[in-house]
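Here is the structure we will look at.
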Amino acid sequence: MPRDQVSPNNDLVLDVLDYWHKIEFFIPFDLKSRIESALNQDKPARRLDIGHGATSLANLRTTELPAEKEVGGYTLFVGVFDKGSVTSLCDQIVPTEGTEVIKTDDDERADLEGETCFAQISLSAEGEPSFESMSVSTLPWALGKAQKYGLNFLSMSNFEADWNNLERQIYNFQSKREESFRKRKEEDENLKFNSLEFPEIVELCKLLADWADFSPLKENDIAFVEMWIKEKRAKSSGSEPNDTAPAKDETDINDDEEDAEEETEQTTEIGILNSFFIKDIERAASDIRINSDEGTNLHKYISAEEGDGRTDLFTVKGQKEIINQLSPSRTVQGRWFDEPHHMMSLMQQFSINSAFTELQNNGIFSVNGPPGTGKTTLLREMFAENIVRRGEVLSTLKTARDAFESHATSIPVPECVRKKHRLSTKKYRPLKSELTGFEMVVVSANNAAVENISRELPQSGAIGEFWKQGKAPEYLKPIAYNVAAKIGDSKFRQLPEKEIPWGLFSCVLGRAKNRNTFKSNFLFSAKDVNPRHKPQTTAQGLWEWLRNYSGPSFTDARELFRSKKVTVDALREDLSKYENLINRYGRTSLEAFLSEAQEKCDSAERAFRLRVRDKEAAEQSLEPLEAKLQSLREQERLLDRESPAWWEKLFVTAAARRHKIDVRHNANEQRSTSNDVARINEELRSVHLPAVKKATDHLEHAKHALNQCTQEWEEAQAALARYRTKYPDVKVPASISDIEQDTFQISGLWHTQELAKARSELFQVSLVLHEAWLAEAAGTPDNKGPMRAHIHLIGAMLSSPSAVTRPNDASALWQSFFLMVPVVSTTFASFGNQFSALGRDTLGWVFIDEAGQAPPQASVGAFWRGKRVIAVGDPRQIEPVFTVPTTLIEALSEQSPNTEGGAFAPNRTSVQELSDKGNRFGAYVDNGMGDDIWIGSPLRVHRRCIDPMFSVANKIAYQNNMVFGLPSHEKKQDISIRQESCWIDIRGNVRGKQTVDTQVSFAAKLVKLLAADGQLPEDVFIITPFKEIRRNLIKSLNEEIRSEKRFKKSHFDKWCRTSVGTVHTFQGKEAAIVLFILGADQEHDGSAKWASSKPNLLNVALTRAKQRIFIVGDPNLWGKQKHFSTALMALPKVHEREFLERLHTREA
């Protein structure tokens, strides 16, 4: 709908999306890293400048290659220019003076150095360009248009119009080339290839510059081109497929050979070169305009505000909620294959249980996970639970094929058979909706974090030793090994024992190369295995695994699952009974427990006594009346005897008159007294006696109830004693506040080895059930099942996600893929492309790892597609790296009142912080700068670093809310540097911006000393806050150590890449020892002020070090800076000479 008709909430979301969209225009493509990578790996590559470009290109094409290699193609980057142009042009567009801290922030956090370019084009081995695969950067367009028309011009509609114009120009350029080639071929019949020549590259650069209204400096290179090389393929002999090749009748719905599918050429995906998020932002914005539902996760992510519904978990109310959420009845059913005695920490348990409670249908949950607090362990537990929950659904099916809808859906897909491309129509039956919603995607801006999780989960090292005894867990194990170890068609890499997979639980996708490699290894077995590269265990592709499946039937696996679930349910129910007993009888005394019953008994006793007194008082009041009545009757008798003679009555004598009066008076008195006696007797009969009886009954009932409570108490205490004997390791807090004790924070609540083992076994049989389901759902070549069609279509989709264009088809195929491979990981950079055809709420679970490092716009596609989104990270570690100058980010934010102030700016917030805002469970903490911020559910038990690293980080970043979870602070001695952590006092003058040569020289001398035995120290990180110091460190290390040629260049360069760098590049990594080089001096203290403006940098540096931290810097400068002053107070101060002497002495 038109923009002016959207609701205020939609208006906010659309304004924020538009703001992020504009920022993405200015993201430069990182050509610098591509060039460095090519040079480091000695790839054939050339820079093409205006004077010598033609010669350089010709030289590259004539590069001599080894006999077994051949040219696979080229990648051409055209219109090379320096990223510095961004800063200088932004200064013209947005002439704003920044503070020294802002400038340093741009220098250190922003990636604004090195080369970028206009476009990328793939060339064939013969140099023919594939314009269909051309990717163009939006940066030159944004710079040119903003400079010419202003920032307001950078709208989605203007971009779309100009983009369409570019496509027409590229098409015309391509048509012109083809026409020219046709004419040249008429003149030269031997001309075979329409190779792209250097003058055409220059022409293409001009076309792009004119389109963008932006021309880089003339001295820049025109282009950069790199060659990619591949193994020569043996020519097909035309023989029949060997035993590992799939039979023809089981390959395809249309009976095409699977070998043909395997031979499909890798497709190159069209996309914007510089931004990975523009397309997803556009998709989400378009969807919101069409469908204005404001309850989506994307709305919650952007528009979440502080509310009264928050529960601060550091308060009494929060502690009550924690205990409530950790009830055994809420314990998740599935558990990873961890050691049964290993316990989740209290807040890990809380986060897991709460997430499943809060996200029953949809929503966002955030977990604040400082370093070493078990974020990966938490994710594994959630993965296992989802597998068990899907297993529950499978266990309700009568047959495996009942998992599919009865109707078939037709889908057009491209395929390549015998090198010929065609479009075919295939059919599949979608899964029933009950089996969907369990898809699990792990996404992160940190490539290493993504790969670590998904590569490690299938490895045997990821399961506890307990589970490796006897029948170890397996899940598609032969396929998992094929995926992990197969190289090409006929080789296997040798894996360390701990890396041999136990099952295909997860995979790394994302980039086209990853997807195609996975597809080949997932579906196809090796052929003609090289004897020197044989597999270490059974290796099979999916097709071969299906042919050879010998596991339990679906029916048997289903019954096994049901049986084990009964066991788990019984154990949870038993612990729930124990919990109920403790809640009712375990936290009070007998006197307190009986107090209510005793009070009722006492009250009944008092009431009984009162009623008896009332009855007795009535009875006592009756006695004088009865005596009086008796007296009156005696008086009446006497009066009768003294009755006057008849004549006295006749003549009414005085005596007669007195007698008559006396008789009348007596009668009146008797009548009155009799009435009183009757009245009191009636009261006794109708009031007092029933009241006494009722009070007696109440008293007896109260006494009985008291006796029953006493008996109940005694029986409960006996039951509690039995449970304590049964569960000796279960510790229960005596009061709510006790959960703050380290014991409970570390060990959690309600852990028993029996239940832990049973839950893991339920996870295990759920995987068995999934295997059995897959085997029967796919069927055999003679009895094909519905899943077989899915597998073929999934192969096509993995090769090219864009091949499946309809959202419903893409969703159905991904759902069935996740039924085979439960967890998929990808980077944010690849997420939008991989799931490009998926729409709103189509992925059951999206887990964002290291969310504190991700810029807020990176996750738009994840929140749009994710039905349930869990963000895991820590805003007090490294903040997102941004590649746009701060002044431009601020200027773009001022374009709308909904974005002004920087609340959504990528240099000021992250995915984690925006996700935290909408989580009702969390805590208010100091952000290190004196302001309170709301964080999501906090993990608190740290199990990585000993003191002083732990204590200092805990104080500066976490207000001492962290709990030390390692067994002890024991300092290991089997490390490269054994002396105590300290502050090494080395001062000097700055060269450049921050480099202090004496500090850099010290680091080089130290590494040289440690590498005296010919081994570079693998347990040492050398890190610094500043890029300039990193460059000078590597330069100095090369001069001091590499120049002696004791190490191979490739090995030394790799060590430098993995062991030396800025703090920003080391989040997620750890080593025994960290050498933290600070730099700066009194005259250049702006850098120190920037580094200390937040606790983040120092926090990350400290928590990389498991055993020792050595901070190198001027204590007079850094000791006055916030946070660093705390570190200085915690560390002994030594001088360089003293440190090296100690090192020499200890080494000796």
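What the sequence shown shows, in numbering that gives the first Met the number 0, is residues 0 to 1147, in sequence order. Glycine residues also receive a C-beta, built at the ideal position from the N, C-alpha and C atoms.
Which partner residues of residue i appear in the DSSP bridge assignment?
i       : result
Thr-779 : Asn-782
Thr-587 : According to DSSP, which records beta bridges pairwise, Thr-587 is partnered with nothing at all.
Leu-430 : Phe-403
Cys-506 : Val-823
Met-928 : Looking at the DSSP assignment, Met-928 forms no beta bridge with any residue, so it has no partner.
Pro-128 : Leu-122
Val-662 : The partner list for Val-662 (beta bridge, DSSP) is empty, contrary to what the question assumes.
Glu-114 : Asp-81
Taking just the CA atoms, how far does residue j sit from residue i?
i        : j        : result
Gly-460  : Ala-483  : 14 Å
Leu-580  : Ala-733  : 13 Å
Tyr-18   : Glu-899  : 10 Å
Asn-385  : Tyr-300  : 24 Å
Phe-336  : Glu-380  : 9 Å
Ala-715  : Pro-457  : 46 Å
Trp-772  : Trp-542  : 15 Å
Glu-604  : Thr-695  : 8 Å
Glu-455  : Gly-509  : 17 Å
Thr-435  : Arg-864  : 14 Å
Gly-143  : Ser-84   : 11 Å
Glu-618  : Ala-596  : 33 Å
Gly-78   : Glu-159  : 22 Å
Asp-613  : Glu-625  : 19 Å
Asn-8    : Leu-913  : 16 Å
Phe-504  : Val-820  : 6 Å
Glu-967  : Lys-1121 : According to the sequence shown, residue 967 is Ser rather than Glu. Straight-line Cα distance between these residues: approximately 29 Å.
Ala-44   : Glu-230  : 18 Å
Glu-23   : Ile-277  : 6 Å
Glu-1135 : Gln-40   : 37 Å
Ile-985  : Lys-1026 : 20 Å
Thr-516  : Leu-545  : 20 Å
Hey, quick one: how far does the beta strand (DSSP E) through residue i stretch, first residue to last?
i        : result
Trp-1166 : Residue numbering for the chain in the displayed model covers 0 to 1147; residue 1166 lies beyond these limits and cannot be assessed.
Ala-222  : 222-230
Pro-937  : 931-937
His-1134 : 1132-1134
Phe-1075 : 1070-1076
Ala-44   : 44-47
Thr-1061 : 1059-1061
Glu-69   : 68-77
Gly-487  : No beta strand (DSSP E) holds Gly-487; DSSP gives it neither H nor E.
How close, in whole Å, do the beta carbons of residue i and residue j come, if the pair is a contact with beta carbons under 8 Å?
i        : j        : result
Gly-1078 : Gln-998  : 6 Å
Trp-140  : Asp-106  : Actually they do not touch by this definition, with Cβ atoms about 26 Å apart.
Gly-964  : Ser-344  : 7 Å
Ala-1153 : Thr-137  : Lying outside 0 to 1147, the shown extent of the chain, residue 1153 is not represented and no answer is given.
Leu-1096 : Pro-1024 : 5 Å
Ala-853  : Val-910  : 4 Å
Could you pull the start and end residues of the alpha helix (DSSP H) that residue i belongs to?
i       : result
Thr-886 : 885-892
Trp-863 : 859-864
Cys-204 : 197-211
Val-387 : 374-393
Compare the C-beta of residue i with all C-beta atoms of chain C and state if any pair is closer than 8 Å.
i       : result
Phe-607 : The structure shown contains no chain C, having only a single protein chain.
Assess, as a yes-or-no matter, whether the stretch 563-579 is touched by the stretch 659-673 under the definition of 3 or more beta carbon pairs within less than 8 Å.
-> no
Three or more C-beta pairs below 8 Å linking the stretch 46-54 and the stretch 182-194 = no
Quick check: the stretch 361-375 against the stretch 786-804, are there 3 or more CB pairs under 8 Å?
-> no
The stretch 1116-1132 touching the stretch 978-985, judged by at least three CB pairs closer than 8 Å | yes
Sufficient close CB pairs (3 or more, under 8 Å) joining the stretch 742-761 to the stretch 551-569 = yes
For the 8 Å Cβ check, are there 3 or more pairs between the stretch 124-135 and the stretch 1108-1118?
-> Too few Cβ pairs lie closer than 8 Å, so no.
Is it a yes or a no for the stretch 729-746 touching the stretch 515-526, going by three-plus beta-carbon pairs under 8 Å?
-> no
Take every Cβ of the stretch 176-186, pair it with every Cβ of the stretch 146-155, and state whether three or more of those distances are shorter than 8 Å.
-> no
Do three or more CB pairs link the stretch 865-879 to the stretch 832-842 at distances below 8 Å?
-> yes
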